[in-house]
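Inspection log for the structure reproduced underneath, given as structure tokens.
Numbering (the working numbering), first residue to last: 13 to 253.
What follows is the structure, encoded as structure tokens:
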């Protein structure tokens, strides 16, 4: 059982934003920060978490459509497409984010990925042309207030035919101490340090994460912890109540 003595309650103030969420031009600092996020995703379990569910839900020869909320530089959609290519699974991804500069960097990195369509939109208002087989949201729910997070879970369920996966960092004493140590010794760049520490304070504890799903009307959903300081909720057959 993870303890939360340091921050027993989630620390979220809508007036304070992570630096990467600010309207800004492409800069060396932003490029460095987004590169750091990709390294953190690879080294600290985000890709492994997603792959766990790809193996659970996708089979060779299948075709699927997927909506990725809050995609940032679309590194997770690229990982998904690469995984599918290696296994004869045709996966088409619509990757949504609101930050223009981040999407411009994503576009350059997705040049060899015709399966990925980048869409600039606010995920709280985004209206797809049709439903998708799967809706994913990775490491982004902590950017939203509790009410916004619940609304996003409802929207994800509404847009998915087969399954929804919401993955995020888990707030605990160990993860808080770990991220402060990591950004003191290794990821010391100003934007990365600021955002990583704020993200962990804003992150949901396990019980809070499950409560969001219940408030969103999810029934028979799954929950699991993953390395490192990751956890996920998922809903299969979202149209079934």
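Yeah, the Cβ is synthetic: ideal placement off N, Cα and C, and Gly gets one too.
Local conformation of residue 296 per DSSP, three classes = Residue 296 falls outside the range modelled here, since the chain spans only 13 to 253, and no answer is possible.
Per DSSP, the bridge partner or partners of residue 69 = Here residue 69 is not bridged, per DSSP, to any residue.
Does the beta-carbon distance from residue 59 to residue 93 come in below 8 Å?
-> Going by C-beta atoms, residue 59 is not nearer than 8 Å to residue 93.
Can you tell me which of the three DSSP states residue 95 falls into?
-> DSSP places residue 95 in the helix class (H, G or I) of the three-state scheme.
State the DSSP-derived secondary structure class of residue 24, mapped to helix, strand or coil.
-> Residue state, collapsed to three classes: coil.
Chain-order list of residues whose beta-carbon lies under 7 Å from that of residue 211 (same chain, five-residue window excluded) = If we look at residue 211 and ignore the five residues flanking it on each side, its Cβ neighbours are 30, 154, 181.
Could you tell me which of 164, 24, 235 sits nearest to residue 65, measuring between CA atoms?
-> Of 164, 24, 235, the residue nearest in Cα terms is 235.
Touch check for the region 19 to 26 and the region 44 to 58: three-plus C-beta pairs under 8 Å?
-> They do not touch, by the three-pair rule.
Three-pair Cβ contact test at 8 Å for the region 167 to 178 versus the region 102 to 117 = The count of Cβ pairs closer than 8 Å, one atom from the region 167 to 178 and one from the region 102 to 117, stays below three, leaving the stretches out of contact.
Specify the secondary structure class of residue 130 as computed by DSSP and reduced to three states.
-> It is a strand residue.
Looking only at C-alpha atoms, which of 138, 82, 188, 156 sits nearest to residue 115?
-> Distances from the CA of residue 115 to each of 138, 82, 188, 156 were compared; the closest alpha carbon is that of 82.
Tell me whether the beta-carbon of residue 108 lies closer than 8 Å to the beta-carbon of residue 70.
-> Cβ distance not < 8 Å, so residue 108 and residue 70 don't count as in contact.
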